[in-house]
Amino acid sequence: MLCLIYQKTYYHKAFSDGDKTSSMFEAIAGYGLGGSFIALFGRVGGGIYTKAADVGADLVGKVEKEIPEDDPRNPAVIADNVGDNVGDIAGMGAEASCAALVIASQTNQVQGEEQGVLVSVSFIWQHWGYVSFPLVVSAVGILVCFLTSFLATHIFPANEPKAIEPTLKVLSCIFFVLFCCLCKQQLLVSTILMTPALLGLSFLCLPSKPIYEGRYVTNNDLNYVKGKTAHNWSVFLCLASGLWAGLAIGYITEYFTSNQNQPVKDVAEACRTGAATNIIMGLALVCQSQVLEIVGYKSAIIPVLALAFAAFVSHELAGYYGISMAALGILSTLSIGLTIDAFGPISDNAGGIAEMCNLGERTRDLTDSLDAAGNTTAAIGKGFAIGSASFVSLALFSGFVTVIQNRNKHALPSVDILQAFPFAGLLVGAMIPYWFSAMTMKSVGKAAFKMVQEVRRQFHQNPGIMEGTSDPDYEECVRISTDASLKEMFAPGALILLTPLIVGFFFGVQALAGVLAGALVSGVQMAVSASNTGGAWDNAKKYIEKGHGELGGKGSDAHKAAVVGDTVGDPLKDTSGPSLNIVMKLMAIISLVFARAFPTSSGGLIGDLETVFFFLRLGLKLNVRVVSRFGSPQQKWLLTHMESYTQNSIDFIPLKQPEARVIKFKNLFF
């Protein structure tokens, strides 16, 4: 796909005239919209599928029947293992495939306006290196991913369970790796080594002459009144800021979700007194040092600060183009991000196969170690995905503002939250992620309820399942998850798809700008918090299962409490949290694609009186057609005599029949 986009861009540059070049960027944005649309259903539907099966299998199998996880006697075990692939691999792959949104957004930003005429086409082609640079970075990133995989598997292989997690962290954030040392700190070392490599790439591929990004010009020499210069060194700093923001997100996520660190251990200790304290400590955890640690909430502070710092630096250095470059810095090693995210479900399925085949305790211990490390690396991958989604959404949002300003520079000169429509939109947009999360959580709950009932029914009606003399009905559980995932994802999908269109058409672009800003700000916080909270509860359960901390191991009361916490956290980290990335990106890309169709007047269609009369006129004409064809004789008589009673003003005038009155709209409606 990368090669096709580059080929399309190159030949379009070579053989098309300048006036048609902007259509290429619109086509790329349309490609991003299609990818985001499919990713939404992949993430939401896949998350509902996997968590419905997971919750049903855990609550009945491990808590009520006290059988091991992935025991073949559990009717929901097959649906659980299949769901890991549906949600965590297929869903993540569909979401990551939308990384081309960076290309679609950044090319739309380097543009200006000369005496009311858009000059972005010729201006961009004068600086072709800035347009193709994201493609070059992405292509080099693919090669680097092969190199880092080789380093992680052959140079620094994991020979014992404790070495699994540090080895996987090699894959988190590497661009050019000349050598690797300090195996525990390879994430930091690789980022440091990557920075000078990005510097060299920026100076080699980008022209030394700065490019200008602005809104208005004063003469034909493109002397910009308002704008920012984008040097090759400023582009490098934008890339580096995004990369280091990703490093911060990775480390804070690793700290709060790894079973080798104190927050997860304290969550496990809270399971001594039951599931309620486990849930409470998962949200607000007081460590032994009496320092307040907040797994669910505090874990969002540093990632958000890192994203805010990177966004500020990037915008100050290169404007909207810099924001896109910061997103590209996080996405430069996208293939490795997919690798470490897929490690978790693969190792989880391996553990399930080992349990179903009775391969022994030693094999199960190894797969549990792989699974625990996979949960942490999956959380790191989710953190990178959240960071990239926020940057991409911000870049697309800036593209939406640019398109509106090019249509009418007075329609949206700035997003001023002190104005009525942007402020109202900001409140509504901040509510959208909560509404969406509530819908997805409810969907998981409804599907899990059906799954629990089915598993209980099979255990009750077929006692031979527990005795091992008869097989469960696995297909029925798979059918329940499939039906739930297809039916329950309609409402959340409709919410995200229709909200930008309804707000944009009926309330105007100012209100829509507020909605996009509110959804972005609120969605980042919720996504980070949900991902880290669920990961901490999951690894706290695995910490107990390994027998640490004198908590009793598998089957103990502490383990049952941990299973409840893990069950609550599963839809947070695997359904609602990851889906919020698509919410931010999809709302922004829909607004960008339909920006030229939205009314630029204040208040949209609702605030336009002429538009209101247009719909009234349209409704009246439709009513006339319906009455003339299907109406009663009295209604048809009334219709034929309306014209004789019409006047130039809107008035209520009695007809010859005393029981009827009619409104006359001669000039307005006929």
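Residue numbers (my numbering): 2 to 671.
C-beta: ideal position from N, C-alpha, C; glycine also.
In chain order, what residues of the same chain lie with their CB nearer than 8 Å to the CB of residue i, ignoring the 5 residues before and after it?
i    : result
F42  : M490, G494
G570 : G283, T534, G535, G536, A537, W538, D539
K447 : A485, E489
D369 : G352, K543, E546, K547
T487 : Note that residue 487 corresponds to Leu in the displayed sequence, not to Thr. Once the five neighbours on either side are set aside, the close Cβ partners of L487 are G46.
A91  : G43, G47
A309 : none
In angstroms, rounded to a whole number, what distance separates the CA positions of residue i and residue j?
i    : j    : result
S139 : L207 : 15 Å
E142 : A563 : The question names Glu, yet the displayed sequence has Gly at residue 142. Their Cα atoms are separated by approximately 40 Å.
C1   : V87  : It is not possible to answer for residue 1, since the shown part of the chain is limited to 2 through 671.
I253 : A541 : 17 Å
I354 : A58  : 15 Å
G566 : G509 : 44 Å
V453 : A327 : 45 Å
T51  : V83  : 7 Å
Q406 : A312 : 22 Å
T568 : S203 : 46 Å
E255 : V268 : 15 Å
F599 : K266 : 52 Å
A589 : E317 : 22 Å
G465 : T274 : 35 Å
D472 : Q459 : 10 Å
S133 : L152 : 29 Å
A276 : E356 : 26 Å
M432 : G524 : 9 Å
H549 : V584 : 39 Å
L240 : S209 : 17 Å
S438 : L498 : 15 Å
L34  : N260 : 38 Å
K251 : H461 : Here residue 251 is Gly; the residue named in the question, Lys, does not match the sequence. Rounded to the nearest angstrom, the two C-alpha atoms are 46 Å apart.
C358 : Y435 : 42 Å
T483 : P73  : 20 Å
T500 : L205 : 43 Å
L513 : G426 : 6 Å
E551 : P264 : 17 Å
S557 : D474 : 29 Å
Whose C-beta lies closer than 6 Å to the C-beta of residue i among residues of the same chain, with five residues either side of it excluded?
i    : result
M93  : D342
H560 : I545
V314 : S242
D372 : S348, D349, G352
D55  : D81, D571
K451 : I481
V64  : K561, V564
A40  : A95, E96, C99, I583
Suppose the cutoff is 7 Å on Cβ atoms and the five residues either side in sequence are ignored; what does the same chain contact list for residue i look like?
i    : result
N582 : E96, A386, I387, A390, A528
R457 : V61
V45  : T441, M490, P493, G494, S580
F424 : I418, G515
R408 : R597, T601
L395 : A312, I324, L521
L306 : none
Between residue i and residue j, which are expected to be in contact by the criterion C-beta below 8 Å, what is the C-beta distance as a whole number of angstroms?
i    : j    : result
L593 : V404 : 7 Å
F595 : G505 : 6 Å
G578 : S532 : 4 Å
D85  : D349 : 5 Å
V672 : A319 : The structure shown has nothing for residue 672, since the chain only spans 2 to 671.
Q511 : F422 : 4 Å
A271 : N279 : 5 Å
A246 : I303 : Not confirmed; about 10 Å, so no contact.
I695 : L496 : In the structure as shown, the chain starts at 2 and stops at 671, and residue 695 therefore has no counterpart that could be examined.
V1   : K586 : No answer is possible for residue 1: it lies beyond the span of the chain, which begins at 2 and ends at 671.
Would you please verify whether the beta carbon of residue i is less than 8 Å from any beta carbon of chain D?
i    : result
G578 : Protein chain content of the structure displayed is limited to a single chain, and chain D is not contained in it.
Is there contact between the segment 349 to 365 and the segment 63 to 73, where contact requires at least three CB pairs shorter than 8 Å?
yes
Segment contact flag, the segment 472 to 488 with the segment 75 to 83, C-beta cutoff 8 Å, min 3 pairs
Short answer: they touch.
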